[in-house]
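Heads up: the sequence shown runs through residues 1 to 230, numbered per UniProt numbering. Beta carbons are placed, not taken as given, at the ideal position from N, Cα and C, and that holds for glycine. Everything below concerns the one structure shown next.
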Amino acid sequence: MSGAASHEPGGFPELEEETLRHLEGKSYVVGTNEYRLTRLVGESMNIYHRLRRAVFWATRISDGFEVVVKFFIECGFHKPPYFLQHPILATVDPHRGIFNRLRSTVIEGEFQALDAAEDVKGLPHILDRSRSSGEVVQGPEFEYPGGRLDIVAMTRLPGYPLNFFEGQLQLWEVDHVKGEVLRIVRELRQRGQAYVDGDPDKVIFDRRSLQSGYLLSRTRTSHLSSRVPY
């Protein structure tokens, strides 16, 4: 399931965690379509939001279309050390609604950013979504069965994260990628979204087709109150 293609850069994927590799090969219904997970390419955990993210390459079973399926997984709460050391934070009930609202805000914010940029070339676009509000919950294959689960299927950008090509690109390739990233950022600003942080592993580049893309997430965007004229 996880064999590397011949043109794949060395070291890919670089995972923060890989607790969900056992899901490779499984199929999930997302929205109105069924998708088969082929490879885990990203996984991270945010203990403050009780939220695990997992990104899989996948195929849409109906036609074999290659996509990305992203999971937003509610996890059990573990208080970080400073919670336990602080006389007030140590008394916080982790099941209070504020934590659920924070997690929901993060998830919905990411979808809103993608929706706002649905016509921007070089960004992933939403194909299907299953929400945790009754449509789907975690099954026994997850670490918190019965917990909330959001799943989204998106178009898959060709290529690999730019940081895997460090020291390998020619100058004209670097200039090409810079130009494409600037175009995407400007188009985002025209749609009321500001990209607030630079991160090379969010830039996707395909050396064969010279296509460049951006993996947009809410943690790196913010809404602008008025449009910027460029």
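Cα-Cα separation, residue i to residue j
{"i": "LEU210", "j": "LYS178", "result": "12 Å"}
{"i": "GLY147", "j": "ILE107", "result": "15 Å"}
{"i": "PRO9", "j": "PRO158", "result": "13 Å"}
{"i": "ALA90", "j": "VAL152", "result": "Note that ALA90 scores 46 on pLDDT, short of 50, meaning its location in the model is unreliable; the coordinates nonetheless yield the value given after this. Whole-angstrom Cα-Cα distance: 35 Å."}
{"i": "ARG39", "j": "VAL136", "result": "22 Å"}
{"i": "PHE12", "j": "GLU173", "result": "20 Å"}
{"i": "ASP128", "j": "ALA58", "result": "13 Å"}
{"i": "ARG36", "j": "GLY64", "result": "9 Å"}
{"i": "GLY25", "j": "LEU171", "result": "39 Å"}
{"i": "TYR48", "j": "ASP115", "result": "25 Å"}
{"i": "GLN168", "j": "ASN46", "result": "32 Å"}
{"i": "GLN112", "j": "GLN193", "result": "10 Å"}
{"i": "GLU166", "j": "ARG50", "result": "33 Å"}
Cβ shell of residue i (< 6 Å), same chain only, five flanking positions each side left out
{"i": "THR155", "result": "PRO124, HIS125"}
{"i": "PRO200", "result": "LEU162, ASN163"}
{"i": "TYR160", "result": "PRO9, PHE12"}
{"i": "ARG215", "result": "First, the amino acid is wrong: residue 215 is Leu here, not Arg. Cβ within range, chain order: LYS202."}
Contacting residues, own chain, Cβ-Cβ under 8 Å from residue i (five flanking each side not counted)
{"i": "GLU43", "result": "LEU15, GLU16, GLU17, GLU18, THR19, LEU20, ARG52, ARG53, ALA54, VAL55"}
{"i": "VAL120", "result": "ILE184, GLU187, LEU188, ARG191"}
{"i": "ALA138", "result": "The residue you asked about is not Ala; residue 138 is Gln in the sequence shown. Within the same chain, GLN138 has close Cβ partners ILE73, GLU74, TYR144, PRO145, GLY146, GLY147, ARG148, LEU149."}
Reference residue i; option with closest CA among the options
{"i": "SER62", "options": "PHE111, ASN33, LYS70, LEU37", "result": "ASN33"}
{"i": "ALA117", "options": "GLN190, ILE47, PHE12", "result": "GLN190"}
{"i": "ARG207", "options": "GLU187, PHE164, ARG186, LEU188", "result": "PHE164"}
{"i": "HIS176", "options": "PHE205, ALA153, PRO200, PRO158", "result": "PHE205"}
{"i": "HIS22", "options": "PHE142, TYR160, SER212, PRO161", "result": "PHE142"}
{"i": "SER27", "options": "PRO13, GLY11, PHE71", "result": "PHE71"}
{"i": "LEU182", "options": "GLY213, GLU166, GLN170, GLY167", "result": "GLY213"}
Presumed contact (8 Å Cβ cut-off) between residue i and residue j, rounded CB distance
{"i": "VAL30", "j": "VAL69", "result": "7 Å"}
{"i": "GLU66", "j": "GLY122", "result": "Incorrect: roughly 17 Å between the Cβ atoms, too far for contact."}
Own chain partners of residue i with C-beta closer than 7 Å, once the 5 adjacent residues on each side are dropped
{"i": "ARG131", "result": "ASP150"}
{"i": "HIS7", "result": "ARG208"}
{"i": "ARG60", "result": "ASN33, TYR35, VAL67"}
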